[in-house]
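With this note's numbering, letter number 8 in the sequence shown gets 14, and the count goes up by one each step, no holes.
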Amino acid sequence: MPAKITEIKCKRCRTMLFTEEASPSLTAHGQAIGVGARNTRCNSDVPEDCLFLAEDSMPDWIHEVVDRENWTKGKLHCPLCHARIGSFDFVSSKKCNCGEYVPPPIRITYSKIDVPHR
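Structural data, given as structure tokens:
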């Protein structure tokens with residue numbers, strides 16, 4: 007039986023934005039969600055209201071937006087309905103409160119997307 011593909015969709019129009027398999031979701035500490043995500047030495051309260059994507063696995067449509075903004079800062083919108091779903095920031099390198107981790111540059115807000123229950 008083939009593995010089920012987890013589709014992340016826009017909450018407003020239900021357009022598929024990316025799949026977990028092609029673009030794995032990360033915590034603010036850059037670890038895959040659900041795979042030892044809390045096994046860090048950081049004791050700060052990292053917001054759990056978003057997921058992050060690494061720049062080497064971002065979907066093509068996000069790559070086009072980032073290219074258009076010259077790899078600086080910007081907002082991410084659904085390619086179909088244009089609802090805001092997140093942002094990216096390749097300029098600032100703000101660290102977590104623990105001072106050890108820098109969140110990945112692409113941030114997707116959970117309240118703006120549909121993520122199937124795992």
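Backbone N, C-alpha and C define an ideal beta-carbon position, used for all residues, glycine too.
- The C-alpha of ASP66 lies about 31 Å from the C-alpha of GLY105.
- Under the criterion of beta carbons closer than 8 Å, CYS56 and TYR116 qualify as touching, at roughly 6 Å.
- One Cα belongs to PRO111, the other to LYS100, and the distance between them is close to 10 Å.
- Around the beta carbon of SER31, a 10 Å sphere encloses 16 or more other beta carbons of the protein chains shown; the residue is thus reported as buried.
- Here the alpha carbons of GLN37 and ASP62 stand approximately 14 Å from one another.
- In this structure, ILE14 sits away from VAL97, with a CB-CB distance that is not shorter than 7 Å.
- ASP73 sits in a helix when the DSSP states are folded into three classes.
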